[in-house]
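Per the working numbering, residue 5 is the first one in the sequence shown, and the count goes up by one each step. From the three backbone atoms N, C-alpha and C, an ideal C-beta is built for every residue, glycine too. Please read these numbers as outputs of a predicted model, since none were measured by experiment.
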Amino acid sequence: MSVEEPPLRIHLSPPDVGPAEREALLRAFDSNWIAPLGPEVDAFEAEVAAHVDRRHAVALSSGTAALHLALVLSGIGPGDRVLCPTLTFVASANPVRYVGATPVFVDSAPGSWNLDVDLVAEQLADGAANGRPYAAVVAVDLYGRCCDYAALEPVCAEYGVPLIEDAAEALGSRRQGRAAGAFGELGVLSFNGNKVMTTSGGGMLLSDDGDVAAEARYLATQARDPAPHYEHSRLGYNYRMSNLLAGLGRAQLASLDDKVAARRRIGDRYRGELADLPGVAFLDDAPDEVSNQWLTCLTIDPARSGVDREQVRRELRRAGIEARPVWKPMHRQPLYRDEAMIGGRVADRLFDHGLCLPSGSTLTPSEQAEICQRIREVLRA
Ligand SMILES: *Cc1c(COP(=O)(O)O)cnc(C)c1O
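As C-alpha cells, this is what we get:
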C-alpha cells in the first residue's frame, strides 16, 4: 500500500448482514446440526428454487463448484470445446479447464456487455458444419444483467448444445418475466461475500430435472453408492453446503427483495448525478429487464471527458473509496492467452474504459453523495 492509499472506508460490495442472520446461525447451531447437510439446507434449497422458478436447487460450497458440476452433469470432458464470454470473472472459465475441456472465448455485445449472440450463432453453425460441434455454451449474466436469452436459447436448441447460465451475479434479476438462474438447462448462483446476498461462501445449482438434481447431490457428496460400507463407482467431490451456512442464507433470502431495491436505488442515484457528464455512459437494463443492479458500471471515454478511467479510480482510492475496473477479459489473462478468441474489440474497450462503482446495499446516501461529488470534480477538472 502506497502513502497515497489510505485504508478503504467505502467498499465496492460488502456483505449486508444483521441480527436476523446472527439469529439464523444460532438457530442452526442450537438445533445440533453442525454437521454438513441438514434441515436448513433442505429448506434453503426449496426457498431458492421457488424464488427463481426452478423445480430443483442443490446447495453447494461455491458458485465455482456449481459451475464445475454443471459441466460434469452436461457430460463435458477432454477434447470438448465450450463457448464462454471473454468479459467475465475467471470462475466462469476455470471449470471448463477442470473437466479437461477447452474454452473458446466470445466477445461482448456493445450495448449489453454480455455474450454477442450473433457470434455464438456463427460459431455453433461453423462447429456443426466442420464436424467439430461445440459441447456447451456458458452464458454469464454480467453485473446482474441477463443475457439476451430470447435469442440465445433458440440458437443453442437449434444445434442441440446445452446452455449453462452463470447467474452468479444476477440473483434477483428478471428478464422477459423470467428469473435469472431459470434460463438454459442448468443455472448457477453464488453466495460469495460480495454478491447481492451471501452465505459467507456458497453456491447453488439449479435445474428443472429431478434426476439431474439427484445426480448433482450424489456427485457433491463424494459419489457414495448405496451400501453399508463406502462404495464408489464414480469420481465425486466434497461440494455440499454446510447446514449452518444454509441457515444464514435463508435469513439473507428473506430480505433479498429489499437488498435488490436498495441496489437499484443506488444505481438510479448514480445516473441522476453523473449521466450528464461528457463521455460517461452507464450499463443499463434492457427494456424487458429489471436487473438486480449488482454493480453500477459505467464507461468513461477519455476523448470526450478529457480524463481516463484510471484517473477517476485512483482519485476515489485516495479518498478511501473502492471502485474497480471492469473484469479483465479472459483473452488478456496470462492463464488463457493461448485459447481461441472470437472478436474481442468490444470487451477490450469495456475493460480499458469501464469502472464499477460502490454499489452495496449498505451504502448510505451521504457516502454516495461524496462519491458522486468526487467523480464530478475529476471529470470537470
Ligand atoms: C462470483 C462469481 C462466480 C463464482 O462464484 P463463487 O461462489 O465465488 O465460487 C462465478 N461466475 C461469476 C460471473 C461470478 O461473479
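ask   = Which first and last residues belong to the alpha helix (DSSP H) in which Pro-232 is found?
value = Neither: Pro-232 is in no alpha helix (DSSP H) and is coded neither H nor E.
ask   = Can you give the beta carbon distance from Leu-4 to Ala-224, rounded, assuming they're within the 8 Å contact cut?
value = What is shown of the chain runs 5 to 385, which leaves residue 4 out entirely.
inquiry  = Is any non-hydrogen atom of ligand 1 found closer than 8 Å to the C-beta of Gly-205, if you look at the structure I gave you?
reply    = yes
inquiry  = Does the CB of Gly-358 have a neighbour CB from chain D at under 9 Å?
reply    = No chain D appears in this structure, which consists of one protein chain only.
ask   = Is it the case that the CB of Asp-356 approaches a heavy atom of ligand 1 more closely than 8 Å?
value = no
inquiry  = I'd like to know if the segment 238 to 252 and the segment 21 to 34 are in contact, where contact means that at least 3 CB-CB pairs between them fall below 8 Å.
reply    = yes
ask   = Going by the beta-carbon positions, is the gap between Val-110 and Gly-347 smaller than 9 Å?
value = yes
inquiry  = By the three-class DSSP mapping on this structure, what secondary structure does Asp-305 have?
reply    = coil
Coarse secondary structure for Leu-16, derived from DSSP in three states = coil
request  = Mark Arg-238 as exposed unless 16 or more other C-beta atoms lie within 10 angstroms of its C-beta, in which case mark it buried.
outcome  = exposed
query = Can you list, in chain order, the residues of its chain whose CB lies under 7 Å from that of Leu-41, leaving out five sequence neighbours each side?
reply = Arg-244, Asn-247
inquiry  = Across the segment 184 to 191 and the segment 154 to 172, are there enough close Cβ pairs to call them in contact, namely three or more that are closer than 8 Å?
reply    = yes
key: Same chain, Cβ closer than 6 Å to Ala-95, neighbours up to 5 away in sequence not counted   = Thr-68
message = Just to confirm the assignment: which complete beta strand (DSSP E) runs, minimum length 3, are found wholly within the segment 129 to 172?
response = 140 to 144, 167 to 170
request  = Determine, using beta-carbon pairs with one atom in the segment 141 to 151 and one in the segment 293 to 309, whether at least three such pairs fall under 8 Å.
outcome  = yes
DSSP-derived helix/strand/coil call for Ile-346 = strand
query = So what does DSSP say about Ile-38, is it helix, strand or coil?
reply = coil
query = DSSP three-state call for Thr-68: helix, strand or coil?
reply = helix
key: From Val-21, Pro-10, Met-334, Phe-195, residue whose alpha carbon lies closest to that of Leu-91   = Met-334
task = Could you tell me if the beta carbon of Lys-199 falls within a distance shorter than 8 Å of some heavy atom in ligand 2?
result = Ligand 2 is absent from the structure shown, which contains only ligand 1.
query = So the beta strand (DSSP E) Pro-89 belongs to, where does it begin and stop?
reply = 85 to 89
message = Please state the DSSP three-state secondary structure of Ser-204.
response = coil
message = Any contact between the segment 353 to 362 and the segment 321 to 332? By contact I mean 3 or more CB pairs, one from each, below 8 Å.
response = yes
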